[in-house]
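In this note's numbering, the protein residues as written are 177 to 286. Using N, Cα and C, we set each Cβ at its ideal position, and we do this for glycine too. Only a predicted model underlies this, so the values are computations on that prediction, with no experimental measurement involved. Only one structure is covered here, and it is reproduced in the block below.
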C-alpha cells in the first residue's frame, strides 16, 4: 500500500540526485508491482508530503529523491515553478485572457 510512511521509508535511502528512482520503480519497490494507477497514487502522496515541507525532489530525468543539499532543492523548486507557470500561461491563452486576469489581479482603470 502506498502511504506517506511507505513513501518516506522507501526514500530514506535515496538521498541525493544520484540516488533518484523513477516513479514506476518506486511503486514496484513499495508494492511489489507497478501500474499507472499506483503511480498516480504515489504522485498524490508525494504532493502531500511536499505540502508538509518534506524536501522530496524529482525530475523526469532523475526520478524522486530526498534533497542532499540546498542546490538540489532549488533545482526541483525551479522545475516546479516553471512547470506551473507554463500551465498557467496555457490556461490563460485557452480562455483568451491575460495571465494577470486569470490570476484574479485587479487592473487599474485606463
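Asked	Found
Determine the direct distance from the alpha carbon of residue 256 to that of residue 243, and round the result to whole angstroms.	15 Å
Which residues share a DSSP beta bridge with residue 233?	241
Out of 273, 203 and 280, state which residue places its alpha-carbon closest to the alpha-carbon of residue 240.	203
Find the nearest neighbour of residue 220 within the set 178, 267, 188 and 270, judged by alpha-carbon distance.	178
Helix, strand or coil: which one does DSSP assign to residue 273?	coil
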